[in-house]
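Working notes, structure below.
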Amino acid sequence: MIIVDPVALGDVACTRASAKWVYDRTGTLVEVPANTLGVTYDPADLSRAPYATVEPAAVNRLKMNTRLDHTEWPKNRVTVDGDTAISPDGTLYADKVVPDASFAAHYIEQQVNQSFSDGEVYTFSVYVKAGGIARVRLDLYYAIGSTGGHAATFNLDAETCFALSPDIKSVKIEPLPGGWYRCILTSTVTFSAVHPNRVLCRFVFYDVNNLVTFSGNGVDGLWIWGPQFEDGDKATSLIKTLDVPVTRAADVIGAGAGLVYSNVPITEAPYSATATYAKDAAVHDPVTKIVYWSMQASNVGKPLSDPLWWNKRSAINRWAMFDDRNSTVTSNPEEIIAVVSARAITQGLFAGALDASEVRISMTHPTRGVVYSEKRALALPRSGSSFYGWCFNRLQMRTWFLTLKLPVFANALVTITIRRPGGVAKCGMCMIGPAIDVGLSLMGLSTELKDYSTTTFYPDGSSDTIPRGFSKRMSIDLLVERDRVESIEDDLIRRRQKTLVWLGSTVRGDTMLVGKFSSFRKVIDSYPRSKMALQIEGVLSQ
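Quick note on my numbering: the sequence shown kicks off at 3 and runs consecutively.
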């Protein structure tokens with residue numbers, strides 16, 4: 003038997019003094035407000051699980067990076083047609099750079115005059131889209147007027163790239179929706195005594211024959227948008243600039259275990275002792291996350307604990323999936339996204355009372371990036387080993403999700419995505435915690451359902467039924483090694499009256515139960531091993 007011991011969750015803040023940009027589920031760049039965690043999809047594969055982005059502070063040293071028609075961008079035998087295509091952020095702000103008819107090299111550039119660290123690593127990136135020309139070279143020159151610098155070429159048609167300089171650290175091309183690509187060049191900058199503290203970032207055009215010297219036709223070119231020159235060995239999220247370099251502040255995750263982000267809105271205002279509430283007005287307790295309804299008009303200064311003035315309801319929508327009730331449900335159109343900081347080694351994650359088509363899970367480490375990603379469809383097999391069953395049986399969906407494969411990291415962020423495209427995604431319970439092997443489950447394990455509805459029969463044969471919830475029970479015998487009996491017994495005693503995830507068998511989902519053990523019996527029937535008998539009572543479901 004495996005149990006998942008859930009971590010107690012609270013609220014954990016993400017602080018960041020500036021906004022940032024991430025990809026939504028359509029692959030479009032969207033702005034995330036300050037002090038809000040960014041959760042991004044992978045634009046190259048939108049079917050993958052979205053993940054939390056935690057980035058250090060970064061500075062984009064290039065000015066006017068969404069306005070290449072500006073004078074900050076000197077041009078050599080090219081023209082710029084401004085705002086002629088939809089840019090990666092979904093706006094009509096992409097500029098097309100077009101080589102002229104001169105038989106020459108064609109490029110656009112910007113010189114950066116800043117204080118740089120000699121021998122440090124810098125990254126130059128840009129969003130580009132073919133507009134009749136599909137080949138471009140990125141130049142990063144640090145000895146302007148001489149040959150010092152690095153260059154890499156990118157072929158958008160073939161989605162290939164290669165370094166032209168042997169000492170470049172890396173080059174990368176990332177596909178995006180709408181024919182866009184992000185081209186990335188990372189290299190070490192070594193300044194000469196003649197040209198200190200100056201870097202030239204340049205885009206050079208190639209023709210179809212891979213020639214840098216050619217005659218343009220005045221029509222074909224490249225859309226170029228969002229160039230970025232920053233410290234470090236990776237391209238971070240987009241930083242838009244105007245006439246000065248811009249700094250994106252670092253993401254700082256608060257201490258403790260809890261919910262860092264959720265896309266589910268809170269519709270009830272927090273309770274205020276100085277506010278006046280009308281009858282049936284709804285508020286929530288910021289500490290307990292419980293919703294209360296006002297029982298009377300002119301309700302002011304009355305504590306939430308006063309039943310004459312306040313009716314206690316249930317958890318707010320955002321938190322309903324994290325309480326210990328299976329009957330309270332978090333719902334949101336299309337998808338629920340929640341990011342949890344467990345601050346513990348957590349291999350197990352359970353989601354129950356689901357109304358969804360699939361669940362996606364990812365784990366992000368602060369320095370290693372995405373260390374785990376999983377997507378699982380919830381549709382159950384329906385064929386019954388027959389053609390008729392495959393074609394005509396009603397599609398049934400699994401109502402739970404469980405994984406015991408989360409990597410062993412104590413300070414990672416887990417992103418939980420519950421999707422139901424075209425409908426309303428729902429989740430009644432979500433628990434994350436360490437997975438503990440209690441012992442070997444023996445044959446004879448049994449489960450039963452207890453229905454708490456009551457039916458009253460009348461002399462004429464009619465009846466009335468009061469529907470209530472139901473719960474699941476499980477009886478299980480375990481075989482435990484002698485040297486583990488005492489520690490397991492102590493562990494169970496410490497977890498008495500705590501809601502856990504109990505998994506009788508890793509190959510049968512119907513042996514999984516969320517609840518508390520009501521009885522525990524130990525039988526010492528041999529020297530090397532002992533038996534343990536558990537009776538587990540599941541949480542109430544509707």
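Note that the Cβ used here is the ideal one computed from N, Cα and C, for glycine as well.
*Under the three-state reduction of DSSP, which class applies to P423: helix, strand or coil?*
As a position in the sequence shown, residue 423 is number 421, starting the count at 1. In the structure shown, P423 adopts extended strand secondary structure according to DSSP, grouped into three states.
*Which stretch, first to last residue, makes up the beta strand (DSSP E) that contains E1?*
Examination of residue 1 is not possible in this model, given that the chain is present from 3 through 544 alone.
*Could you give the uninterrupted runs of the alpha helix (DSSP H) lying entirely in the segment 176 to 233, keeping only those of 4 residues or more?*
Note on the segment 176 to 233: there is no whole alpha helix (DSSP H) run with a minimum of 4 residues.
*Helix, strand or coil at R496 [DSSP, three-state]*: For this step, residue 496 is matched to residue 494 along the sequence shown. The answer is helix: DSSP assigns R496 an H, G or I state.
*With D97 as the anchor, note down where its beta strand (DSSP E) starts and where it stops.*
Taking the sequence shown and counting its residues from 1, one reaches residue 97 at position 95. Here the beta strand (DSSP E) through D97 covers 96 to 101.
*Starting from S465, follow its DSSP beta bridges and name the residues at the other end.*
Locating residue 465 in the sequence shown gives position 463, counting from the first residue. In the DSSP output, where bridge partners are listed per residue, S465 has F459.
*Nearest neighbour of V210, chosen from A136, N199, A277 [CA to CA]*: In the sequence shown, residue 210 corresponds to position 208, counting from 1. Comparing Cα-Cα distances from V210 to each of A136, N199, A277, the minimum goes to A136.
*Check the C-beta distance from K65 over to D83 and give it rounded, since I have them as a contact under 8 Å.*
Locating residue 65 in the sequence shown gives position 63, counting from the first residue. Locating residue 83 in the sequence shown gives position 81, counting from the first residue. About 20 Å separates the Cβ atoms of K65 and D83, ruling out a contact at the 8 Å cut-off.
*Which residue's Cα is closest to the Cα of Y129: D439, M297, V61, W225?*
In the sequence shown, the residue the question calls residue 129 occupies position 127. The shortest C-alpha separation from Y129 is found at W225.
*asked:* For a test of the three-state rule: what should DSSP assign to D512, helix, strand or coil?
replied: Here the question's residue 512 lines up with position 510 in the sequence shown. DSSP places D512 in helix when its eight states are reduced to three.
*Endpoints, beta strand (DSSP E) assigned at D2*: Residue 2 is absent from the structure shown; the chain starts at 3 and stops at 544.
*Top-ranked residue by Cα proximity to D26, from V525, T17, D44*: Position 24 of the sequence shown, counted from the first residue, corresponds to residue 26. Here the closest residue by C-alpha is D44.
*Take the Cβ of N199 as the centre, count every other Cβ of all protein chains shown within 10 Å, and call the residue buried at 16 or more, exposed below.*
By 1-based counting over the sequence shown, the position of residue 199 is 197. So N199 ends up on the exposed side.
*For I468, count neighbouring C-beta atoms within 10 Å of its own C-beta (all shown protein chains included) and say buried if the count is 16 or more, exposed if not.*
Locating residue 468 in the sequence shown gives position 466, counting from the first residue. Looking at its Cβ environment, which holds fewer than 16 other Cβ atoms inside 10 Å, I468 is exposed.
_Whole-Å CB distance - L11 paired with L404, under 8 Å assumed_ = To locate residue 11, count along the sequence shown from 1; it is residue 9. To locate residue 404, count along the sequence shown from 1; it is residue 402. Between L404 and L11 the Cβ distance is about 18 Å, and since that is not below 8 Å, they are no contact.
*Is the segment 262 to 275 touching the segment 107 to 116 in the sense that three or more CB pairs, one from each, lie closer than 8 Å?*
Flag = no, the segment 107 to 116 and the segment 262 to 275 do not touch.
*Report yes or no: do the segment 271 to 278 and the segment 316 to 336 share at least 3 C-beta pairs separated by less than 8 Å?*
Two segments are said to touch when three or more pairs of C-beta atoms, one from each, lie closer than 8 Å; by this definition the segment 271 to 278 does not touch the segment 316 to 336.
*Kindly list the residues whose CB is nearer than 6 Å to the CB of L48, restricted to its own chain and excluding five residues on each side of it in sequence; keep chain order.*
Sequence index remark: in the sequence shown, residue 48 carries index 46 (1-based). The beta carbon of L48 is closer than 6 Å to those of G29 in its chain, skipping five residues each way along the sequence.
*asked:* Just list the residues that DSSP pairs E337 with in beta bridges.
replied: In the sequence shown, residue 337 corresponds to position 335, counting from 1. R421.
*Cα-Cα separation, D141 to R204*: To locate residue 141, count along the sequence shown from 1; it is residue 139. To locate residue 204, count along the sequence shown from 1; it is residue 202. Going by the C-alpha atoms only, they are around 5 Å apart.
*Taking the alpha-carbon positions, what's the E74 to T243 distance?*
Start at 1 with the first residue of the sequence shown, and residue 74 comes out as number 72. Start at 1 with the first residue of the sequence shown, and residue 243 comes out as number 241. Taking the straight line from one Cα to the other gives about 12 Å.
*Okay, do the segment 454 to 465 and the segment 505 to 519 touch, 3+ Cβ pairs below 8 Å being the bar?*
They do not touch, by the three-pair rule.
*Every unbroken beta strand (DSSP E) within the segment 352 to 386, with a cutoff of 3 residues, ordered by chain*: If only complete runs of 3 or more residues are kept, the segment 352 to 386 shows the beta strand (DSSP E) at 360 to 367, 371 to 379, in order along the chain.
*Quick one: Cα of P58 to Cα of A322, how far?*
Residue numbering aside, residue 58 sits at position 56 when the sequence shown is read from its first letter. Residue numbering aside, residue 322 sits at position 320 when the sequence shown is read from its first letter. Cα to Cα, P58 sits roughly 32 Å from A322.
*Beta-bridge pairing of H108 - partner residues as DSSP gives them*: For the purposes of this step, residue 108 is identified with residue 106 of the sequence shown, where counting begins at 1. DSSP lists no partner for H108.
*Would you kindly report the start and end of the unbroken beta strand (DSSP E) that includes D453?*
What you label residue 453 is simply residue 451 of the sequence shown in a count that begins at 1. Its beta strand (DSSP E) spans residues 448 to 453.
*asked:* Going residue by residue through the segment 276 to 335, where are the continuous beta strand (DSSP E) segments of at least 3 residues, counting only ones entirely within it?
replied: Entirely contained in the segment 276 to 335, the beta strand (DSSP E) runs reaching 3 residues are, in chain order, 284 to 286, 292 to 296, 312 to 317.
*With N62 as the anchor, note down where its beta strand (DSSP E) starts and where it stops.*
The residue you call residue 62 lines up with position 60 of the sequence shown. Start and end: 60 to 62.
*Report yes if the C-beta distance between A353 and I438 is below 8 Å; otherwise report no.*
Translated into positions along the sequence shown, residue 353 becomes position 351. Translated into positions along the sequence shown, residue 438 becomes position 436. Note that the C-beta distance between A353 and I438 is not below 8 Å.
*How many angstroms separate the CA atom of L31 from the CA atom of R250?*
The count along the sequence shown starts at 1 and reaches residue 31 at position 29. The count along the sequence shown starts at 1 and reaches residue 250 at position 248. Looking at the two C-alpha atoms, the distance is approximately 16 Å.
_Using only the alpha-carbon positions, how far apart do V440 and P530 sit?_
By one-based count along the sequence shown, residue 440 stands at place 438. By one-based count along the sequence shown, residue 530 stands at place 528. In a straight line, the C-alpha of V440 is about 16 Å away from that of P530.
*Taking all protein chains shown into account, decide if L451 is buried (16 or more other Cβ within 10 angstroms of its Cβ) or exposed.*
Numbered from 1 along the sequence shown, position 449 holds the residue referred to as residue 451. Using a 10 angstroms sphere on the CB of L451, the tally of other CB atoms stays under 16, which defines it as exposed.
*Segment contact flag, the segment 288 to 306 with the segment 375 to 382, C-beta cutoff 8 Å, min 3 pairs*: In short, these stretches do not touch, since the Cβ pair count stays below three.
_Going by DSSP in three states, I241 sits in which element: helix, strand or coil?_
Working through the sequence shown from its first residue, we reach residue 241 at position 239. It is coil, neither helix nor strand.
_Relative to the C-alpha of R327, which candidate in S465, C429, V285 has its C-alpha closest?_
Counted from its first residue, the sequence shown places residue 327 at position 325. If we check each option's Cα against that of R327, C429 comes out closest.
*When you compare only the Cα positions, how much space is there between I339 and A414?*
Taking the sequence shown and counting its residues from 1, the one referred to as residue 339 is at position 337. Taking the sequence shown and counting its residues from 1, the one referred to as residue 414 is at position 412. Across the structure, I339 and A414 are spaced so that their CA atoms are roughly 16 Å apart.
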